[in-house]
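Student:
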Amino acid sequence: MIQSRGRSKKLFSMILIVMFIATSLFVSPEKVYAASNIAMGKTSTSDSELLGHGASNGNDGKQSTYWSAADTSDNHYWMVDLGGLYELEETEVMWQKNIVYKYRVETSTDNLHWTLRIDKSNNTSTIQKQKDIFNGLARYVKIIILDVPSNDYASICDFKVSGSAFKNNSPTMIYIAGDSTAQTYGASFAPQTGWGQCIEKYFSRDVMFDNRAIGGRSSKSFIVEGRLDAILNVIRPKDYLFIQFGHNDASYIPARHTDPYSNYKDYLKQYITKSRDIGAIPILITPVARLNYKNGVFVNDFPDYVIAMKQVAIETNTPIIDMMNTCIDYYTSVGYDTVFPNYLVSSNGTDYTHFTQAGANMIASMTAQKIKALNIPISKYVTNLNSNVKQTNYKFDFGSVAEPGYTNVSASLEYNPSVGYGFNTPVNMKNVTAAGSGAESDAVQFLTFGTKSSNTFNVDLANGLYEVAVTLGDTSRTSVAAEGVYQVMNMTGNGATDKFQIPITDGQLNILVTEGKEGKAFTLSALEITKISDKSKTDKTIYISGDSTVCNYYPIDTSLQCGWGQMLPQFLSNKEYQIRDMATGGQFARGFRDDGQFESIMKYIKKGDCFILEFGINDSKYETEAEFKEIMRDMIKQVKSKGAKVVLVTSQGKATDFDLNNVHSAVDKWYRHSTVALADEEKVPLIDLNVLSSQYYTSIGQEATAKLFMSDSLHPNRAGATKLASIVAAELKK
């Protein structure tokens, strides 16, 4: 009896343990976000709320509750007080419905003065969970729902904020006090851009910018409205304050106007004195030049304000950057026609004051150069300069007609060094129509192609690292190649978009669209090129190989069928790694190695990068298990020779791989045993996704598992791919 009781106790304990594990693995509807969500449970408010659906439901971490406005009108807001200052990295909103919500995200340090961070006023996505990435310092985060479909309410299931507490040892902050020429603008204002929203790219990550510039303000009104006080409330010793006013000080509007040699100087001295009292470092910046060109000469529209600011700099021993004369000197050297596209007049025909994106980058680059030349402590953080101030950002619209804000490129445009871009062999190009709107309403078709083809579109660029965003025309399946190798694989559907990083080392980008797996009609509608840094090597990167269970599907943000590689970025910080998913449907180990995808990875992979190697599902059709193992080994050795890390991943099973006891298992499938053995032989990490996913599927049962797959029971849907990606990410972080 005593032994029987002992066995009963042990059995009962084992049952409790099993129940605990099963409960832990089961994903309930009340799932609560991890502690990394700094908004969860914090005080939240809104301008309107439906009975029973108050603001606190919007950040309780539960997906079964939600905040809702009390009516269907537009422009309702929901706001959270984080309780202290945080360096924000991203927000993630889970809407109550899968409908189009147009919205903005703004932040504030004092709940009085707000900075626009995200502008989705043109949002078209119906995806329920939407993530937005940005950097900024704030205590308050507000989401404004600008528009919802007729008869629907502004409603949020959960709002997540990620970031870290702001500390005295946090990166040096640089605050910008200024006017509309420096202001940050949202997408709805495109192509209007302020230099303050571009300057951060010219500095290392040792500093952070907080752009408080706002349109229509003068040195006087910025203070009267309390905007300087808002900066003084958060600025720390050894932080910096950039001060640029003059455009609106010259206005005749009483609330803005200052006299250059009296109260303009007095107001500037307030910025200097009050920031220095805290231990911060002020820097004066003279107004930027307007595009005022008369009788062959660029004109200074604010000469007295420039002189007065220089006097203040001398009287207070304050560093100064003379952007007015820097602009005029540069404009004179390159000529009116070169400068013209940098101002909004090139887009709207009337505005000679404000900048396009290219113009804002031009001003930001020149400002950064001057900061470096000052030889002050932050000068060492200026790292990404293009000393020639050559244009490094482009927006091309291919076809017969250009969309406003884009540069038109017809199929007949031959590359010319004096222009800096064009087709290498226009005879092999033609203009075609496309089914989209705007820049996507037309395209060019590549009549000859292949990764090694000379039929490329060429763009002269200063050496450095660039982000290239491509938009296809009408096509069933197309890949993108540049510099002789694949960059993006198997983009599918009309108007598909994607982007990639690419280092330029020879002063020119050579790009084309080419065959995807069973692809045709290789057409390109739009191309956007943005310089990231002067370094001619990619950021730390995770390269992913694999098949149709891993690859990207398009549109990436809304496709029903997804690969887990497509969903992996949402679980890994973009500050640590960029993700390059080179997997393709139907692919197998030999095909990946020999058909060009692996060649692309080997061109760029380096020490500090990671290569995820996953195959097996299709391999039995093309090679024996022994051949498979040796091909995989060959790729491992090649990647190791570059100093990069290799991680092997086994393929998950099908939704139907349950036995009579409702246990999911696929351990004998997809050449898994060889993959496991190879990891041991080559001493590389293994993520046994086959087993880990089966454990999860067993815990939730057959019915719930089936809901994670497409109808073929092999390919994951968006929810299924997201779960697989979360498993892979968790293992990578170990």
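Numbering (the working numbering), first residue to last: 417 to 1150. By construction, the Cβ of each residue, glycine as well, lies at the ideal position given by its N, Cα and C atoms.
#1: Alpha carbon to alpha carbon, what distance is there between Gln1118 and Gly474?
#2: What are the residues that DSSP puts in a beta bridge with Val394?
#3: Between Asn414 and the rest of its own chain, which residues show a CB-CB distance below 7 Å, the 5 nearest in sequence each way excluded?
#4: Excluding the 5 residues preceding and the 5 following Thr1138 in the sequence, name in chain order all residues of the same chain whose CB lies nearer than 7 Å to its CB.
#5: What does DSSP give as the partner residue(s) for Tyr521 in the beta ladder?
#6: Give me the Cα-Cα distance between Ile433 and Tyr969, rounded to the nearest whole angstrom.
#7: Quickly, what does DSSP pair Leu1226 with across the bridge? List them, please.
#8: Terminal residues of the continuous beta strand (DSSP E) containing His492?
#9: Note down, one range per segment and in chain order, each alpha helix (DSSP H) of at least 4 residues found wholly within the region 722–784.
#10: If we call anything under 8 Å between Cβ atoms a contact, is Ala705 one with Ile744?
#11: First and last residue of the alpha helix (DSSP H) that includes Phe812?
#12: CB-CB under 6 Å to Ile945, same chain, minus the five flanking residues each way: which ones, in chain order?
#13: To the nearest angstrom, how far is it from the Cα of Asn824 to the Cα of Asp767?
#14: Would you give the residue range spanned by the beta strand (DSSP E) that Gln903 belongs to?
#15: Quick one: using the 10 Å Cβ neighbour count with 16 as the cut-off for buried, is Glu899 buried or exposed?
#16: Tell me the DSSP secondary structure of Asp618 in three-state form.
#17: Whole angstroms is fine: what's the gap from Ser440's alpha carbon to Ser1115's?
#18: Phe1074: which of Ser1109, Ile1103, Ile1047 sits nearest, CA to CA?
#19: Let me check one thing: in DSSP terms, what residues is Lys710 bridge-paired to?
#20: Could you tell me how far apart the beta carbons of His1131 and Ser964 are, in whole angstroms, since I believe they sit closer than 8 Å?
#21: Once you ignore the five residues that flank Ile792 on each side, which residues in its own chain have a CB closer than 7 Å to its CB?
#22: Quick check on Ser444: does DSSP put it in helix, strand or coil?
#23: Among the residues of its own chain, which have a CB less than 6 Å from the CB of Ala1135, if the five just before and after it don't count?
#24: Could you check if Lys796 is buried or exposed, using at least 16 other CB atoms within 10 Å of its CB as the buried criterion?
#25: Run through the DSSP bridge pairs and tell me what Phe658 is partnered with.
#26: Work out the CA separation of Pro842 and Thr872 for me, nearest whole Å.
#27: Could you check whether Thr864 and Asn844 sit closer than 8 Å to each other, using their CB atoms as the reference points?
#28: With DSSP run on the structure shown, which of helix, strand or coil describes Leu984?
#29: Sorted by chain position, which residues of the same chain lie with C-beta nearer than 8 Å to Val1107's C-beta, five sequence neighbours on each side aside?
#30: Please decide whether Ser472 counts as near chain B, where near means a Cβ-Cβ distance under 8 Å.
#31: Looking at the secondary structure, which residues open and close the beta strand (DSSP E) in which Asp997 lies?
#32: Give me the Cα-Cα distance between Asp693 and Thr799, rounded to the nearest whole angstrom.
#33: If Ser537 sits next to Arg520, beta carbons under 8 Å apart, how far is it from one beta carbon to the other, in whole angstroms?
#34: Closer than 8 Å by C-beta to Gly854: which residues in its own chain qualify, once you throw out the five before and the five after it? Chain order, please.
#35: Might you give, ordered along the chain, the residues of its own chain that have their beta carbon closer than 6 Å to the beta carbon of Thr913, omitting 5 neighbours on each side?
#36: If you reduce the DSSP assignment to three classes, tell me which class Ile958 lands in.
Tutor: On the basis of the coordinates in this document:
#1: In a straight line, the C-alpha of Gly474 is about 32 Å away from that of Gln1118.
#2: Missing from the structure shown is residue 394; the chain here goes from 417 to 1150 and no further.
#3: Absent from the structure is residue 414, since the part of the chain shown begins at 417 and ends at 1150.
#4: In its chain, beyond the 5 residues on either side, Met983 have a beta carbon closer than 7 Å to the beta carbon of Thr1138.
#5: Checking the sequence shown, residue 521 turns out to be Val, not Tyr. Answer is Ile534, Ile559.
#6: With a pLDDT of only 42 at Ile433, under the threshold of 50, the placement of this residue in the model should not be trusted, and no figure is reported.
#7: Limits of the chain in this structure are 417 at one end and 1150 at the other, which puts residue 1226 out of reach.
#8: Here the beta strand (DSSP E) through His492 covers 492–511.
#9: Those alpha helix (DSSP H) runs which fall completely within the region 722–784 and span 4+ residues are 739–750, 752–755, 761–764.
#10: Contact flag set, yes.
#11: In this chain, Phe812 is not harboured by any alpha helix (DSSP H); it is covered by the beta strand (DSSP E) spanning 810–814.
#12: Closer than 6 Å at Cβ, skipping near neighbours: Tyr810, Tyr882, Val884.
#13: Inter-residue distance for Asn824 and Asp767 is about 21 Å (C-alpha atoms, whole angstroms).
#14: Secondary structure note for Gln903: its beta strand (DSSP E) is the uninterrupted segment 901–908.
#15: Glu899 is buried by the Cβ-count criterion.
#16: Just to set this straight, residue 618 is Tyr in the shown sequence, not Asp. DSSP places Tyr618 in helix when its eight states are reduced to three.
#17: Because Ser440 sits at a pLDDT of 39, beneath the cut-off of 50, its placement in the model cannot be relied upon, and the following sentence gives the value as read from the coordinates. Each residue's Cα considered, the two are about 9 Å apart.
#18: Per the Cα distances, Ser1109.
#19: Bridge partners of Lys710: Val713.
#20: Yes, His1131 and Ser964 are in contact; Cβ-Cβ is about 6 Å, under 8 Å.
#21: Setting aside the 5 residues that flank it on each side, Ile792 is surrounded in the same chain by Pro735, each with a C-beta closer than 7 Å to its C-beta; the list follows chain order.
#22: Low local confidence applies: a pLDDT of 34 at Ser444 is under 50, so the model's placement there is unreliable, and no value is given.
#23: Excluding positions up to five away in sequence, the list reads Leu1124.
#24: Flag for Lys796 reads exposed.
#25: Assignment of beta-bridge partners to Phe658 by DSSP yields Ile592, Ile699.
#26: In a straight line, the C-alpha of Thr872 is about 9 Å away from that of Pro842.
#27: The answer is yes: Cβ separation under 8 Å.
#28: Collapsing the DSSP output to three states places Leu984 in a helix.
#29: Sequence-distant partners of Val1107 (beyond 5 residues in either direction) whose C-beta falls short of 8 Å from its own C-beta, in its chain, are Thr1066, Val1083.
#30: Among the protein chains of the structure shown there is no chain B, as only one such chain exists.
#31: First-last of the beta strand (DSSP E) with Asp997: 994–997.
#32: Rounded to whole angstroms, Asp693 to Thr799 spans 30 Å at the Cα level.
#33: Going by Cβ atoms, the distance from Ser537 to Arg520 rounds to 7 Å, so yes, they are a contact pair.
#34: By the criterion of a C-beta distance shorter than 8 Å, Gly854 is surrounded in its chain by Glu819, once the five residues flanking it on both sides are discounted.
#35: Closer than 6 Å at Cβ, skipping near neighbours: Thr887.
#36: In the three-state DSSP reduction, Ile958 falls in the strand class (E or B).
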